[in-house]
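Everything on this sheet refers to the single structure shown next.
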Amino acid sequence: MTEEKKPEERKKRRTATEAASKIGPMVKAAIGGTVQAREEGKPLAYSFICCCYDEIIRAMDVIPVWTENYAGVCGAKRDAQRFLERAEAENFSRSLCTYALCGLGFDAWREELGEMPPEAPWGGQARPDMMLGSGQMLCDPRNKWYQAAQQYMPDVPVYDVGLPWPPYEDDYDYREVQDYYVKYIVAELKGLVQFLEKHTGRKMDWDHLSELVDLTDRTWNLIWETYELRRAVPSVMGTGDAMNTMVPMVFMMATQEAYDFYQELNDELKHKIANKEGEIPDEKYRLIWGGGLPSWFALSDFNYFNSKGAVFPVEVTYRMIEATYNFDMDLSKVTDPLEHIAWRWVKFWTYWYDRARKRPGSHPDVERLIKYIEDYKIDGIVMHEAFSCRSWHVGLIWQLNMLKKVYKDIPSLILESDIVDISSYNEADTKARIDAFIDTLEAVKSR
Amino acid sequence: MPEKAVVKGLAAAERLYQDYGVRARELKEQGQKILGYLCAFVPLEIVTAAGFMPFRIKGDVNEPITKADTEMETIVCPLVRSCFDMALKGNYDFLEGIVIPHACDSICRTYDVWKYTLNLPYAHFINMPHTTGDSSLDFYRDILNTFRTSLGRFAGKEISDQELARAVELHNRQRAKVRELYELRKASPPLISGEEVARVLIAAISIPVAESIELLGDVIEEVGQRGRAPAPKKARIMVIGAQVDSIAFIKLIEDSGAWVVADDLCPGAREFMSSVDLTADPIEGIAERYLRKVKCGRTYREMKGNYEEDLEDRFGHMRRMIDDFKVDGVVLYIYKYCDPFGFEVPQIKSYIEAKGTPVLYLEDEYSMSTIGRLRTRVQAFLEMLG
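In the order they appear, the protein sequences are chains A and B.
Going left to right, the first sequence walks through residues 908 to 1354 as the numbering used here numbers them.
Going left to right, the second sequence walks through residues 2 to 387 as the numbering used here numbers them.
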């Protein structure tokens, strides 16, 4: 029986920074906080990362329950299988997003019991009062998951925020269309505010929202400046740590706590740079994590890379910010908070478009890789193809082909597994592939 | 005038089905420019109004996917991979360009792969919103006007309202013909088999819309002349799924001793049952139809009323079809890695079963290699229906 399955023992990953080592307890406290908030009758909302509604829900004192995060925690604790199997028993295909399957399996079980499933990781995922989906060009589960969850919680309303951005096209410049994108996003965000007001009985404090929008801008800029410090040689912080330090970026944005976290990280990295304190003693290969979410149950693979002399000073995954002062507009002049959020969203997603136009045949995603390869002195590229997620894991092969075509041939490795489903993971095979990749890097370096 | 096919009706459909793209190839030689598209969410009226022939890109369940894997991950839905594989193998080398809609992740997230790998003179992404509220409809009108301008630039002309209105009328006539064809399935036994309907519709999406109207008319006339011979009673089946662009699965069901009399498929009822309203600004009617009338899992329909009313809003058209076509059982036929439909399976299944109609859920991989396994499941289902 699935209920009787016990989680496998997991290995704890070694972190390079103090900041990263604090993340686990922070996440645990946050998840526990949502369970506590539920008991206290505070409004809870199932939420997705990267939906630009952080400031809005924080300003309304709605407590986000980050469902992707909880699935990732179940994965990292190697205790997701029983929830995945429950979802499968409900007739959800195992080929669907395993964050969603884990969440749906959990919800089905919790609602059936009327309480948390037994030994639920970190106290479990609290029942929400509302669910906030989104329609983007990024991820179908964002508008299907919560709709599907309503079969277990038919009383919990869903609001789906339309959040598109202009695609990169040859036949027109995105600036020709950006105004109507912003107009639409603002309308959708207004709808979200009305939805939250209706279901919480509270009114939006627009001045407070403006303060949080400003705090978010400052946090974005601080993160960008902090991550740029990682250009240092030797590498002071790797992607393994960044998979932790992304937590305040995506789950705590629009809070002072997030800003303070990055200030501390910034100070720590500067200190390490001043003392030439690398994440490993003998750095041989500098790699970029060029795409894909990590296998949360196998983050110690980053330590395995480290043991071979490889470091990851940069990644594209979870670098969900740009410096707002680098945009092609003065964002500070947009004083309406919803418009400000909408412009920031559109400018973030179109940030690399102009660079791509300058290199014949290139593409923004490829340009971003090239810029990081050059800025961070990269020797090789590693990606991860998670079988259950088409959002972040489609186009990786093509990007590598494009990179070779418009830039240069660079050693690359695509690992294959999943974000949550450990049954897709083969440790021996993964290590063998890493070993072979390291051999390739060495051969290229020796030329 | 383009040269017409020498055979008519079902025989013409068979030729067009077996040699998919044959008519497009003929027309290309005569100077017709052809735009390929994926999915039911490309507003074909705009393509037709611009003077292009819209051509539906389809896969091939008989062809192993090989070339596509060098550019596209195997976690993409197998239908899209097969379509791309067919394109890479030169089956659609008559295309002047491609138009790809924001349908699902497998289509949306591979747009750049299609665009850069095929490197056709024209490529455009229709950034259709996921939600259907008024602000989404306004936004979608803007998206359609961007497409109209872009395609006009490529065609070297401005697409006029009159041209759009004519295209709307033409495509509506085609949809009306399909609805007429479906009426023939209501009889017991149905006057036309599910396999024949599938073949005709697949043929119809590979030829100019005016020719498809003629093809459909010929088929309706031909089938109407069939005698109504008594036949042993068989289970009447409805198939629900995404794009089923091969007759193989429908044939399997009918070979197992049932009639496939209804569907919610593409090409099929999903994309042919609703028409575009003729509005003063034709874009208005086009936007309304594609965003709100075509009911597909890719579109999030805002909840109206309580949960049961929401299910009725999302799936009520399936129930009505079950009633109208006197369906005995439903086969929910979903491809692996299909996010929009995959998430809906439990809700569709329980909704239909709650109305008293049994449902068989099958997950498949878009390949003839799975036919044997599917046949066993279908036969067991039909036995259960009795």
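Beta carbons: idealized from backbone N, C-alpha and C, even for Gly.
Could you tell me whether the Cβ of residue i comes closer than 8 angstroms to any Cβ of chain B?
i: A:D1078; result: yes
i: A:C1009; result: no
i: A:K913; result: Model confidence at A:K913 stands at a pLDDT of 47, short of 50, so the residue's coordinates are unreliable; what they give is reported in the following sentence. No, A:K913 does not count as interfacial toward chain B.
i: A:I1304; result: yes
i: A:D1047; result: yes
i: A:W1196; result: no
i: A:L1348; result: no
i: A:Q988; result: no
i: A:Q1087; result: Gln is not the amino acid found at residue 1087 of chain A; the sequence shown has Tyr there. By this cut-off, A:Y1087 is an interface position.
i: A:W1259; result: no
i: A:Y953; result: no
i: A:S1202; result: no
i: A:M1111; result: no
i: A:V1084; result: yes
Using a Cβ cut-off of 8 angstroms (strictly closer), state whether residue i contacts chain A.
i: B:Y334; result: no
i: B:V346; result: yes
i: B:I76; result: yes
i: B:V331; result: no
i: B:S137; result: yes
i: B:H318; result: no
i: B:D265; result: no
i: B:F126; result: yes
i: B:V43; result: no
i: B:Y291; result: no
i: B:E303; result: yes
Could you tell me which residues DSSP pairs with residue i in its beta bridges?
i: A:M1290; result: A:G1198, A:I1321
i: B:C267; result: B:Q244
i: B:I208; result: Looking at the DSSP assignment, B:I208 forms no beta bridge with any residue, so it has no partner.
i: A:S954; result: A:W973, A:L1039
i: B:M239; result: B:A263, B:V331
i: B:F126; result: B:I101
i: B:I251; result: Answer by DSSP bridge pairing: none, since B:I251 is not bridged.
i: A:E1026; result: A:E1026 pairs with nothing; no bridge assigned.
By how many angstroms is the C-alpha of residue j removed from the C-alpha of residue i?
i: A:W1192; j: A:M1290; result: Going by the sequence as given, residue 1192 of chain A is Tyr instead of Trp. C-alpha separation (whole angstroms): 16 angstroms.
i: A:Y1260; j: B:D135; result: 30 angstroms
i: B:K234; j: B:P130; result: 45 angstroms
i: B:G373; j: A:V972; result: 45 angstroms
i: B:D1; j: A:H1300; result: There is no way to answer for residue 1 of chain B, as the model of chain B reaches only from 2 to 387.
i: A:F1095; j: A:Y960; result: The displayed chain sequence assigns Glu, not Phe, to residue 1095 of chain A. Each residue's Cα considered, the two are about 10 angstroms apart.
i: B:M239; j: A:D1336; result: 45 angstroms
i: B:A232; j: B:A211; result: 35 angstroms
i: B:L383; j: B:L333; result: 14 angstroms
i: B:L312; j: B:I353; result: 10 angstroms
i: A:E916; j: A:L991; result: Because the pLDDT at A:E916 is just 48, under 50, the model does not fix this residue reliably, and the value given afterwards should be weighed accordingly. Their backbone Cα atoms lie some 18 angstroms apart in a straight line.
i: B:D325; j: B:A188; result: 11 angstroms
i: A:H1115; j: A:Y1166; result: 17 angstroms
i: A:A1339; j: A:D1067; result: 43 angstroms
i: B:D314; j: B:I144; result: 26 angstroms
i: A:Y1087; j: A:T1257; result: 15 angstroms
Can you tell which of the options has the C-alpha that lies nearest to the C-alpha of residue i?
i: B:P79; options: B:G258, B:I66, B:A88; result: B:I66
i: B:G37; options: B:T75, B:Q31, B:F85, B:R174; result: B:F85
i: A:K1097; options: B:K90, B:S137, B:G387; result: B:S137
i: B:G306; options: A:P1061, A:I1345, A:G1010; result: A:P1061
i: B:K9; options: B:E223, B:T371, B:A166, B:D265; result: B:E223
i: B:V179; options: B:K296, B:L202, B:I254; result: B:L202
i: B:S368; options: B:L11, B:E170, B:K294, B:S247; result: B:S247
i: B:D264; options: B:R315, B:E303, B:Y183; result: B:Y183
i: A:D1243; options: A:L1119, A:F1158, A:P1073; result: A:L1119
i: B:I208; options: B:R167, B:M385, B:L45; result: B:L45
i: A:R1082; options: A:Y1279, A:Y1332, A:F1234, A:D1272; result: A:F1234
i: B:P268; options: B:K350, B:F42, B:R16, B:V23; result: B:F42
i: A:I1187; options: A:E995, A:P1141, A:L1008; result: A:P1141
i: A:V1065; options: A:G1302, A:Y1053, A:E1164; result: A:Y1053
At 3 residues or longer, and completely inside the region 1175–1206 of chain A: list those beta strand (DSSP E) runs for me, N to C. The beta strand (DSSP E) runs of length 3 or more contained entirely in the region 1175–1206 of chain A are, from start to end of the chain, 1192–1198.
Secondary structure, alpha helix (DSSP H): runs of 4+ residues fully inside the region 1241–1267 of chain A: 1244–1256, 1260–1265
Which runs of the beta strand (DSSP E), 3 residues or longer, sit entirely within the region 1034–1078 of chain A? 1037–1042, 1065–1069
Enumerated in chain order, which unbroken segments of the alpha helix (DSSP H) with a length of 4 residues or greater are wholly contained in the region 144–186 of chain B? List check, alpha helix (DSSP H) in window: 162–184.
Please specify which runs of the alpha helix (DSSP H), each continuous and at least 4 residues long, are wholly inside the region 1297–1347 of chain A, giving them in chain order. 1303–1313
Within the region 45–90 of chain B, note down every full alpha helix (DSSP H) run reaching 4 residues or more, in order along the chain. 45–50, 79–89
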